[in-house]
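Taking numbering that gives the first Met the number 0, the leading residue of the sequence shown gets 0, the next gets one more, and so forth.
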Amino acid sequence: MPRKAIIIGAGPAGLTAAYELLRRTDIIPIVLEKSQYMGGIARTVNYKGNRIDIGGHRFFSKSDRVMQWWLDILPLEAGAGGSERIGYQSRFRPVQTSVQGPDPEQCDRVMLLRRRKSRIFFNRKFFDYPIRLTPDTVKKLGFWKTLRIGFSYLRAAAFPIRNETNLEEFFINRFGRELYQTFFKSYTEKVWGVDCRQISAEWGAQRIKGLSISRTILHFLRQTFARKDGSSEISQKEVETSLIEQFLYPKLGPGLMWEEVARRVGEGGGEIRTGCDVTAILVEGGRVRAVQARDDATGERHLIEGDFFFSTMPIQELILALDAPVPPNVQEIAGGLMYRDFITVGLLADELIVRDPRGSGPIGDNWIYIQEPDVLVGRLQVFNNWSPYMVADPHRVWIGLEYFCYETDAIWNYDDARMIELAKSEMEKLGLVEASRVVDACVLRMPKTYPAYFGTYSRFEELRSWLKRFENLFLIGRNGMHKYNNQDHSMLTAMTAVDNIIAGRTDQSNIWAVNAEQEYHESTSAG
Ligand SMILES: Cc1cc2nc3c(=O)[nH]c(=O)nc-3n(C[C@H](O)[C@H](O)[C@H](O)COP(=O)(O)OP(=O)(O)OC[C@H]3O[C@@H](n4cnc5c(N)ncnc54)[C@H](O)[C@@H]3O)c2cc1C
Numbered sequence: 000m001p002r003k004a005i006i007i008g009a010g011p012a013g014l015t016a017a018y019e020l021l022r023r024t025d026i027i028p029i030v031l032e033k034s035q036y037m038g039g040i041a042r043t044v045n046y047k048g049n050r051i052d053i054g055g056h057r058f059f060s061k062s063d064r065v066m067q068w069w070l071d072i073l074p075l076e077a078g079a080g081g082s083e084r085i086g087y088q089s090r091f092r093p094v095q096t097s098v099q100g101p102d103p104e105q106c107d108r109v110m111l112l113r114r115r116k117s118r119i120f121f122n123r124k125f126f127d128y129p130i131r132l133t134p135d136t137v138k139k140l141g142f143w144k145t146l147r148i149g150f151s152y153l154r155a156a157a158f159p160i161r162n163e164t165n166l167e168e169f170f171i172n173r174f175g176r177e178l179y180q181t182f183f184k185s186y187t188e189k190v191w192g193v194d195c196r197q198i199s200a201e202w203g204a205q206r207i208k209g210l211s212i213s214r215t216i217l218h219f220l221r222q223t224f225a226r227k228d229g230s231s232e233i234s235q236k237e238v239e240t241s242l243i244e245q246f247l248y249p250k251l252g253p254g255l256m257w258e259e260v261a262r263r264v265g266e267g268g269g270e271i272r273t274g275c276d277v278t279a280i281l282v283e284g285g286r287v288r289a290v291q292a293r294d295d296a297t298g299e300r301h302l303i304e305g306d307f308f309f310s311t312m313p314i315q316e317l318i319l320a321l322d323a324p325v326p327p328n329v330q331e332i333a334g335g336l337m338y339r340d341f342i343t344v345g346l347l348a349d350e351l352i353v354r355d356p357r358g359s360g361p362i363g364d365n366w367i368y369i370q371e372p373d374v375l376v377g378r379l380q381v382f383n384n385w386s387p388y389m390v391a392d393p394h395r396v397w398i399g400l401e402y403f404c405y406e407t408d409a410i411w412n413y414d415d416a417r418m419i420e421l422a423k424s425e426m427e428k429l430g431l432v433e434a435s436r437v438v439d440a441c442v443l444r445m446p447k448t449y450p451a452y453f454g455t456y457s458r459f460e461e462l463r464s465w466l467k468r469f470e471n472l473f474l475i476g477r478n479g480m481h482k483y484n485n486q487d488h489s490m491l492t493a494m495t496a497v498d499n500i501i502a503g504r505t506d507q508s509n510i511w512a513v514n515a516e517q518e519y520h521e522s523t524s525a526g
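Below, the structure written as structure tokens:
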């Protein structure tokens, strides 16, 4: 009798686990997915031929294993041959291009190499992201504001807040109060829905990498005072080249990757059941024995037994679904975990009001941070610039407006028409799109996109320790582990779980070490 692995969720982690099991073991994976889609948060929605992500998804990993895996599924488009550099949040790595790579004009299963451009929109003006002290920045901010920023930075450097505990103090110590209030406060509070003083300083150390005021000032001085002889012009060019960031992106969005992996899982003998919501997890002794799943189409409940269980469902819901006596402290922690939810409004427009600053063409930004407190929208994606193949009519602009909220907020319950009206009016208010030039729109709601590091998170270790007793249960992925994991981390947790099964290892600490080590290294090097 072949052994079976029951995998809850067909997001990046669940599908990676299934594919790895098929490739490397004789265990049959059965993936249970409550939606009709592949890719979870990393899915791509096809709206009348216009494709939209739940937030643009860059493909970047420090892990060679993940990079190779992605490029085995979707090979890199043909290039000049030689090495190109890709990056993500101040980390970089090379990728090898080949003249023999596939041509995106001829086939769909291909990974593109794209240029990253993102800016901050503040005070109805565009600023570089990450913010750079350039003559243009000074001009847009105004002399006095720049001076105030400079003095407030010097003050923070001379008299830092001792024993910083919250994110506001973290930002002020590194950037000064004025710069924090100008470029960090509004966006961060939109993302998390709480005051920066309620978020721990530790989160800043984990997530704010590579931004350094001293480097910014040095760059400014070099730009302002560089001699105009040949040598300084060359070095200036080198600086500019090093600031160009590229990333990998599937021709038709991240969903393409996960639809292709799902196809291979099916082809290789695995099973993926959609519309299949896991509602109960049955345990016996120290092991999970089966799950109960509700079939969306028929409403029937089925018992599905297995030898191994992988969960990517939110850990809060997993605890609720456990058919076992859960101690009160674990129930309390699970109940108090918090998540940020996400609404994206796709707007198809004839054109944007803003044009490329260096020419008369469309802007080249992939995304724009909206640092304006008088609107609710937090970020804007321009999908044409992620991949030109995301848009059915290349003469139109296809943008995604991102609203961060809680399921309990009024905005979560707005009907589509009201949400679209809000999005259009905010774009017009900001001077980015004329409402009358919007020709079509759609609304996507995705709950639990960001597992929050507040609520009962500080006691998470108690919950995790208790769950260790179920040795054939593997918690993997982002919400599955309540961890701010990107696709690559989510995949690595799945790969490590499969490694452990193959090696007969029961201690799961190496799964939890994924991303934790990286966060540690990054936080220490961010300085
Ligand atoms: C705005 C945003 C931008 C991002 N940008 C990037 C980026 O640029 N690069 C990057 O690498 N990563 C990015 N990420 C992170 C990436 O989306 C996640 O790391 C990844 O999707 C997590 O994969 P997962 O499989 O753990 O979980 P999910 O993607 O959440 O998938 C879980 C799946 O489980 C299903 N499920 C849940 N409960 C049940 C149940 N009871 N029964 C059956 N099925 C269930 C869900 O329907 C879902 O399909 C971004 C995330 C967000 C929110």
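Glycine included, C-beta positions come from ideal geometry on N, C-alpha and C.
On a predicted model such as this, the values are computed, not experimentally measured, just so you know.
- Residue range of the beta strand (DSSP E) that includes THR187: Counting from one through the sequence shown, the residue named residue 187 turns up at place 188. No beta strand (DSSP E) contains THR187, which is instead part of the alpha helix (DSSP H) from 184 to 191.
- Contacting residues, own chain, Cβ-Cβ under 6 Å from LEU317 (five flanking each side not counted): What you label residue 317 is simply residue 318 of the sequence shown in a count that begins at 1. SER310.
- Query: Name the DSSP bridge partner or partners of GLU83?
  - Reply: Looking up residue 83 in the sequence shown gives position 84. Paired residue(s): VAL94.
- With hydrogens ignored, establish whether the beta-carbon of CYS275 is closer than 7 Å to any heavy atom of ligand 1. Position 276 of the sequence shown, counting from 1, holds the residue named residue 275. Correct: CYS275 has its Cβ closer than 7 Å to ligand 1.
- Query: Among the residues of its own chain, which have a CB less than 7 Å from the CB of LYS250, if the five just before and after it don't count?
  - Reply: On the sequence shown, residue 250 is found 251 positions in, with the first residue counted as 1. Closer than 7 Å at Cβ, skipping near neighbours: PRO103, ASP107, VAL109, LEU111, SER386 and TYR388.
- Message: Distance check for GLU371 and GLU304, CA to CA, integer angstroms please.
- Response: Numbered from 1 along the sequence shown, position 305 holds the residue referred to as residue 304. Numbered from 1 along the sequence shown, position 372 holds the residue referred to as residue 371. One C-alpha to the other measures close to 52 Å.
- For CYS404, name the three-state secondary structure that DSSP assigns. The residue you call residue 404 lines up with position 405 of the sequence shown. Correct three-state label for CYS404: strand.
- Query: Roughly how many whole angstroms lie between the Cα atoms of ARG115 and GLN88?
  - Reply: The count along the sequence shown starts at 1 and reaches residue 115 at position 116. The count along the sequence shown starts at 1 and reaches residue 88 at position 89. Straight-line Cα distance between these residues: approximately 11 Å.
- Message: Buried or exposed for LEU75, going by 16 or more other Cβ atoms inside 10 Å?
- Response: Start at 1 with the first residue of the sequence shown, and residue 75 comes out as number 76. It counts as buried.
- Task: Tell me, please, whether the region 476 to 488 touches the region 53 to 67 by the rule of three or more beta-carbon pairs shorter than 8 Å.
- Result: yes
- Item | Cβ-Cβ distance between PHE469 and VAL282 below 8 Å | Here residue 469 refers to the residue found at position 470 of the sequence shown. Here residue 282 refers to the residue found at position 283 of the sequence shown. Contact flag set, yes.
- Task: Leaving aside the five residues before and after THR15 along the sequence, list all residues of the same chain whose C-beta is less than 6 Å from its C-beta, in chain order.
- Result: The sequence position of residue 15 within the sequence shown is 16, counting from 1. Cβ neighbours of THR15 beyond the five flanking positions: MET490 and ALA493.
- Query: Measuring CA to CA, which of TYR405, GLY430 and ILE398 is closest to ILE419?
  - Reply: For this step, residue 419 is matched to residue 420 along the sequence shown. The candidate whose alpha carbon is nearest that of ILE419 is ILE398.
- Quick one: give me the first and last residue of the beta strand (DSSP E) that THR448 is part of. Within the sequence shown, the letter at position 449 stands for residue 448. Run containing THR448: 437 to 454, per the beta strand (DSSP E) assignment.
- Item | 3-residue-minimum beta strand (DSSP E) runs that sit fully inside the region 330 to 391, ordered along the chain | 336 to 348, 366 to 369 and 378 to 381
- May I ask you to list the residues that DSSP assigns as paired with GLU244? Residue numbering aside, residue 244 sits at position 245 when the sequence shown is read from its first letter. ARG115.
- Message: I'd like to know whether the C-beta atoms of ILE5 and GLY13 end up nearer to each other than 8 Å.
- Response: For the purposes of this step, residue 5 is taken as the residue at position 6 of the sequence shown. For the purposes of this step, residue 13 is taken as the residue at position 14 of the sequence shown. No; because the gap between Cβ atoms is not below 8 Å, this pair is not in contact.
- Query: Opposite SER89 in the DSSP bridges: which residues?
  - Reply: By one-based count along the sequence shown, residue 89 stands at place 90. None, per the DSSP bridge assignment.
- Message: Cutting at 8 Å between CB atoms, please list the residues of its own chain near VAL98, excluding the five before and the five after it.
- Response: Walking along the sequence shown from the start, residue 98 turns up at place 99. Only ALA77, GLY78, ALA79 and GLY80 meet the Cβ criterion.
- Near TYR449, what residues of its chain come up, given a Cβ to Cβ distance below 6 Å and the 5 sequence neighbours on each side ignored? Position 450 of the sequence shown, counting from 1, holds the residue named residue 449. Contacts found: ARG339.
- Message: I'd like the span of the alpha helix (DSSP H) that includes PRO11, first residue to last.
- Response: On the sequence shown, residue 11 is found 12 positions in, with the first residue counted as 1. First-last of the alpha helix (DSSP H) with PRO11: 11 to 23.
- Sequence-distant residues of the same chain with beta carbon closer than 7 Å to ASP415, five excluded per side: In the sequence shown, counting from the first residue as 1, residue 415 sits at position 416. Correct list, in chain order: VAL442.
- Item | SER489 CB to nearest heavy atom of ligand 1 below 7 Å | Translated into positions along the sequence shown, residue 489 becomes position 490. For ligand 1, at least one heavy atom lies less than 7 Å from the Cβ of SER489.
- Please classify GLY284: is it buried, with 16 or more other beta-carbons within 10 angstroms of its beta-carbon, or exposed? One-based indexing of the sequence shown puts residue 284 at position 285. Per the 10 Å Cβ criterion, exposed.
- Task: Please confirm whether any heavy atom of ligand 1 lies closer than 7 Å to the CB of PHE341.
- Result: If you number the sequence shown from 1, residue 341 lands on position 342. PHE341: yes, Cβ under 7 Å from ligand 1.
- Exposure label - ASP194; buried when at least 16 CB within 10 Å: Start at 1 with the first residue of the sequence shown, and residue 194 comes out as number 195. Counting Cβ neighbours within 10 Å, ASP194 comes out exposed, since fewer than 16 surround it.
- Task: Would you kindly work out how many angstroms separate the C-alpha atoms of GLN235 and MET426, rounded to a whole number?
- Result: Here residue 235 refers to the residue found at position 236 when the sequence shown is read from its first residue. Here residue 426 refers to the residue found at position 427 when the sequence shown is read from its first residue. Low local confidence applies: a pLDDT of 35 at GLN235 is under 50, so the model's placement there is unreliable, with the coordinate-based value given in what follows. If you take the alpha carbons of GLN235 and MET426, they lie about 36 Å apart.
- Item | CB-CB length for GLU19 against VAL513, believed under 8 Å | Counted from its first residue, the sequence shown places residue 19 at position 20. Counted from its first residue, the sequence shown places residue 513 at position 514. Incorrect: roughly 14 Å between the Cβ atoms, too far for contact.
- Query: Of the residues PRO356, HIS481 and MET37, which one's Cα is nearest the Cα of PRO253?
  - Reply: In the sequence shown, counting from the first residue as 1, residue 253 sits at position 254. Comparing Cα positions, the closest option is MET37.
- What are the uninterrupted segments assigned as beta strand (DSSP E) that are 3 or more residues long and contained completely in the region 255 to 335, given in chain order? 270 to 272, 275 to 283, 286 to 294, 300 to 304 and 307 to 310
- Item | CA nearest to the CA of GLY268, picked from ALA17, CYS404 and ALA9 | Here residue 268 refers to the residue found at position 269 of the sequence shown. Closest by alpha carbon: ALA17.
- Item | Contacting residues, own chain, Cβ-Cβ under 6 Å from PHE183 (five flanking each side not counted) | As a position in the sequence shown, residue 183 is number 184, starting the count at 1. Hits under 6 Å: PHE170.
- Task: Sort ASP373, ILE367 and PRO393 by Cα distance to VAL381 and report the nearest one.
- Result: Locating residue 381 in the sequence shown gives position 382, counting from the first residue. For the residues ASP373, ILE367 and PRO393, the minimum Cα distance to VAL381 belongs to ILE367.
- Give a yes or no on whether the C-beta atoms belonging to ILE271 and ALA41 are separated by under 8 Å. Indexing the sequence shown from 1 puts residue 271 at position 272. Indexing the sequence shown from 1 puts residue 41 at position 42. It is not a contact, given that the beta carbons lie outside the stated cut-off.
- Message: Using CA atoms only, rank isn't needed, just tell me which of ILE119, TRP511 and ASP295 is closest to TYR128.
- Response: Looking up residue 128 in the sequence shown gives position 129. Measuring from the Cα of TYR128, the nearest candidate turns out to be ILE119.
- Message: Do TYR405 and ILE536 have their beta-carbon atoms positioned less than 8 Å apart in this structure?
- Response: Residue coverage of the chain in this structure runs from 0 to 526, which leaves residue 536 outside it and unanswerable.
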